[in-house]
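The sequence shown: position 51 = 66 (our numbering), numbered continuously. Right, one structure below, let's go through it.
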Amino acid sequence: ALLEQAFSIYEGDLFDSAAAPPFGWALDPRDDGTSLRQEYRKQFVDVCRKLAKLHTVPGDATHLQRAVELHRRLTREDPLDERA
16 ALLEQAFSIY
26 EGDLFDSAAA
36 PPFGWALDPR
46 DDGTSLRQEY
56 RKQFVDVCRK
66 LAKLHTVPGD
76 ATHLQRAVEL
86 HRRLTREDPL
96 DERA
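Here it is as structure tokens:
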């Protein structure tokens, strides 16, 4: 239930709109080379993968359909990610 809740909160990349102010603290690379925006996206992708794995129950069409939806979302987020 918590993973589904985390999934539902994510609405896209942090401050990713033309109207969003360019907050350096969210967009600039940190010491590890990633930005806060990239970290939030990574967390979302991780949640999607975990949910998809949980929904991959052989013989359960409802859960399998949810797994397919999650993998499609992963593909939209990163079309080049072969794991999606």
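We put the CB at the ideal spot given by N, CA and C, even for glycine.
Inter-residue Cα distance where the pair is residue i and residue j
| i | j | result |
| --- | --- | --- |
| tyrosine 55 | valine 72 | 28 Å |
| cysteine 63 | aspartate 43 | 25 Å |
| lysine 83 | serine 23 | Residue 83 is actually valine in this sequence, not lysine. Cα to Cα, the separation comes out at about 16 Å. |
| glutamine 53 | aspartate 28 | 8 Å |
| leucine 69 | leucine 79 | 9 Å |
| leucine 17 | aspartate 61 | 13 Å |
| leucine 51 | histidine 86 | 24 Å |
| arginine 45 | glycine 39 | 10 Å |
| glutamate 97 | threonine 49 | 21 Å |
Limits of the alpha helix (DSSP H) - the one that residue i falls within
| i | result |
| --- | --- |
| alanine 34 | Where alanine 34 is concerned, there is no enclosing alpha helix (DSSP H), given that its DSSP letter is neither H nor E. |
| phenylalanine 59 | 51-70 |
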